[in-house]
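Read left to right, the sequence shown gives residues -16 to -1, 1 to 95 (mature numbering (1 follows the signal peptide of the UniProt record, and there is no 0)). All C-beta atoms in this analysis are idealised placements derived from N, C-alpha and C, irrespective of residue type, glycine included.
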Amino acid sequence: MEVFLFLTAILQRFTLQPLGDPGALDASPMESGLGNIPHPYERRLLERAPPRKPPAPPSTTPSASPLSLAGLPVQPRTPASPSVPRAVQRNLKSGTAGRGRALSLGHPEGL
């Protein structure tokens, strides 16, 4: 098994090419029978060039590019941020003294 793997590795690293024009080779067998014996001809081994990898596209991180959902900006979650976004708290001020006033939508007092 090791010999097979060794020979396979060699054949994958090199390519066999004939000396001269490949079309001028005589491909007719010397003898016909149970096994066809081809004419001997000289070959050369050429080492294959390592495969070229295509250049990697530039990577972008989620924090570097803004995300949007339906036209609204969305901030990606980070380990420090909560899993549920919190609503923005705004101060509602009344027109009188500028103090915040609570709104009661329940039953009137005294019932």
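| Check | Outcome |
| --- | --- |
| Would you call the stretch 11 to 20 and the stretch -15 to -3 touching, i.e. three or more CB-CB distances under 8 Å? | no |
| At the level of alpha carbons, what is the spacing between Pro34 and Pro22? | 32 Å |
| Let me know the secondary structure DSSP gives Glu(-15) once reduced to three states. | helix |
| Does DSSP classify Arg36 as helix, strand or coil? | coil |
| Please tell me whether Arg27 and Pro2 are closer than 7 Å, where the distance is taken between their beta carbons. | yes |
| Roughly how many angstroms separate the alpha carbons of Arg36 and Tyr25, rounded to a whole number? | 32 Å |
| With DSSP as the reference, label Pro22 as helix, strand or coil. | coil |
| CA-CA distance, Phe(-13) and Arg(-4)? | 14 Å |
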